[in-house]
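Numbering (my numbering), first residue to last: 12 to 333. Notes for the one structure printed next.
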Amino acid sequence: MSRESSLPVENVPITAIHSSHSPRKNKANERHIKILAQSPVPLPPIVIHRTSMRVIDGVHRLRATQLRGKDLIAAKFFDGSDAEAFALAVHLNVTHGLPLTLSERKAAARRILLTNPHRSDRSIGVLTGVSNKTVAMLRRCLTGEDSHSDVRLGRDGKTRPISPIDGRRRAAEFLSTNPAASLREIARTAGVSVSTARDVRARFERGENPLPDSLAKASSPCPRPEGQASPGVQDPPAGGRSDTHREAHDHDLLERLRNDPAVRFSDRGRRLVRLLSTDMAAIGAVNAIAENIPIHCSGTVAEIARRNASAWQEVANKFQTV
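This is the structure we're talking about:
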């Protein structure tokens, strides 16, 4: 992330700049904007993602410059992917300016886990300003992760092997969408051995946990829903159940269904579990990229979500009356 400091400064028309890559959930701080606008000191250049022209760092400075009646603003251009731009936005917001809340930092860590699952817990923790233990907990509890890897990319850019737990989970997730895949394809995609891929597929077909008992016990459980918190685990106060709590609760419900003998030993039961698991993963993935969906498409996405929610409500009503 240090390369940002060496980027050249350019004067950019304010009208050419779009919405922000910021990890902040709340609206801009109007008081802070007015203070910046009234300051006689030149404001530092903002950072813009060249591809999308979205602000990576400096939303308050941009608004302050607008209040000053300026048409141009000093800016540095960052060349990289959307995921890299977001990671840089988090890093810059954590290290200076108005601090991010704990909730915003956790949300940023979840998003980075979804887009860069190969990053190590420590590197994500340093980037987002949360502990590596918090990142590890979020990694375990995310049901919407697109992939898992048996290696992690550290802060030094080197990859290192980790526990086989993640490789098995990645293989199971790949199988959920590619049930006819060969063992070699599963092994190559998940980064596991062919023998591990064979064992995971056998467990998957039986509707069992992809982790053998020895590994399942080594993997500590996710936090319980609010009111059932494990000893020593504390979460910041919130108006409702946090995303992590909801995801953990959803995972518990799915595991309860998966472990029911009537479901485990039935082809239809195992298929039901796979369908429910895939749907839960899809919801998590959509939520992770929601901020990048074009504004003019928001209504269409919302309508599709409402129709799906209505269809699932009908399914819920059907099972509730059985």
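We treat Cβ as the ideally placed atom computed from N, Cα and C, and that holds for glycine. The structure displayed is predicted, hence computed values, not measured ones.
Rounded C-alpha distance that separates residue i from residue j
i, j, result
"L194", "V205", "6 Å"
"T26", "L83", "9 Å"
"A39", "L47", "13 Å"
"G136", "R121", "11 Å"
"F215", "G202", "17 Å"
"N22", "R133", "37 Å"
"T200", "E184", "11 Å"
"V326", "G80", "56 Å"
"T106", "V52", "21 Å"
"T334", "Q331", "Nothing about residue 334 can be reported from this structure: the residues present for the chain run from 12 to 333 only."
"L264", "R317", "23 Å"
"S321", "L283", "19 Å"
"E41", "G310", "28 Å"
"I44", "R150", "36 Å"
"P56", "V70", "11 Å"
"H159", "P223", "Reliability of the predicted coordinates at H159 is poor, the pLDDT of 44 falling under 50, and the value obtained from them is presented with this limitation in mind. Approximately 17 Å, taken between the alpha carbons."
"I59", "F89", "6 Å"
Beta-bridge pairing of residue i - partner residues as DSSP gives them
i, result
"I84", "V23"
"V66", "S31, I59"
"F89", "H60"
Cβ-Cβ separation, residue j to residue i (assumed contact under 8 Å), whole Å
i, j, result
"K87", "P19", "7 Å"
"P34", "A147", "Not confirmed; about 20 Å, so no contact."
"K218", "V141", "In the sequence under discussion, the amino acid at residue 218 is Gly, which differs from the Lys named in the question. About 35 Å separates the two Cβ atoms, so there is no contact after all."
"A182", "V211", "4 Å"
Meets three-Cβ-pair contact criterion under 8 Å: the segment 126-137 and the segment 57-66: Contact between the segment 126-137 and the segment 57-66 is absent: fewer than three C-beta pairs spanning the two stretches fall below 8 Å.
Are the segment 96-103 and the segment 71-79 in contact at 8 Å, needing three or more beta carbon pairs? no
Report the residue ranges of all alpha helix (DSSP H) runs contained in full by the segment 172-212; include only those spanning at least 4 residues, in chain order. Within the segment 172-212, the complete alpha helix (DSSP H) runs of at least 4 residues are 175-188, 194-201.
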